[in-house]
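Offset between the sequence shown (1-based) and our numbering: plus 470. Where a beta carbon is used, it is the ideal one built from N, C-alpha and C, also for glycine.
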Amino acid sequence: GQKGELNDKGQKGEEGAAGTLATAVVKKVRTASLSGTYQLSSGGSWTNAVSIPSFTPNSTNSVFLVTITIGGFSRYYGSGAAWGQMRIRDATDNSNIDGVETLKNTADDAGSHTFSLIDTKGGTTNRNYAVQLNSGNNNGRPQISGVRMMCIELDTTV
471 GQKGELNDKG QKGEEGAAGT LATAVVKKVR TASLSGTYQL SSGGSWTNAV
521 SIPSFTPNST NSVFLVTITI GGFSRYYGSG AAWGQMRIRD ATDNSNIDGV
571 ETLKNTADDA GSHTFSLIDT KGGTTNRNYA VQLNSGNNNG RPQISGVRMM
621 CIELDTTV
């Protein structure tokens with residue numbers, strides 16, 4: 471064959487494959503939503519109104535960004551000084567997510583709400599992020615509407 475001219479460039483190599491899940495920073499995105507309204511039917515105990523179903527973390531290196539928007543939060547049952555309650559929890563053990571208290575009541579906190587919580591506790595214990603409702607003063611019961619939840623699982627080793 472003929473010798474190539476000086477400064478001739480070879481053909482461009484093929485493009486490499488996209489990174490696999492094993493090396494991706496984002497491991498999983500989980501969502502839950504409520505387009506209508508959820509009304510707490512009876513009070514006395516904390517009830518999951520909307521939740522991301524229980525799951526096992528990808529690894530002990532996983533951390534989670536949990537973002538929740540609530541279009542409306544109000545009292546739907548009760549009168550006068552009655553009010554209902556709402557909180558965000560990991561329903562696996564009903565613990566605060568990273569120790570942040572999110573408790574709200576319909577008397578002081580009616581309306582729309584946004585929560586951005588970070589779970590860095592580690593381990594592979596199941597997670598079950600939930601918006602929970604309960605009755606409050608004088609058996610006031612709350613309702614929520616237009617709820618969107620997103621949980622992004624990230625790997626801290628990447």
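Check whether isoleucine 522 and arginine 618 have beta carbons under 9 angstroms apart: No. Outside cutoff.
Given 8 angstroms, three or more beta-carbon pairs between the segment 496-513 and the segment 560-577: Judged by pairs of C-beta atoms under 8 angstroms, the segment 496-513 does not touch the segment 560-577, as fewer than three such pairs exist.
Close beta carbons around threonine 530, own chain, < 8 angstroms, minus the five adjacent residues each side: Non-local C-beta neighbours of threonine 530 in its own chain, meaning closer than 8 angstroms and more than five positions away in sequence, comprise Gly592, Gly593 and Thr594, ordered along the chain.
CB of serine 632 within 9 angstroms of CB of glycine 542, strictly: Because residue 632 is not part of the residues shown, which for the chain are 471 to 628, the question remains open.
Continuous beta strand (DSSP E) assignments of at least 3 residues falling wholly in the segment 562-627: 583-589, 599-605 and 611-625
Three or more C-beta pairs below 8 angstroms linking the segment 508-526 and the segment 598-608: yes
Cβ neighbour criterion (16 or more within 10 Å) applied to leucine 510: Leucine 510 should be labelled buried.
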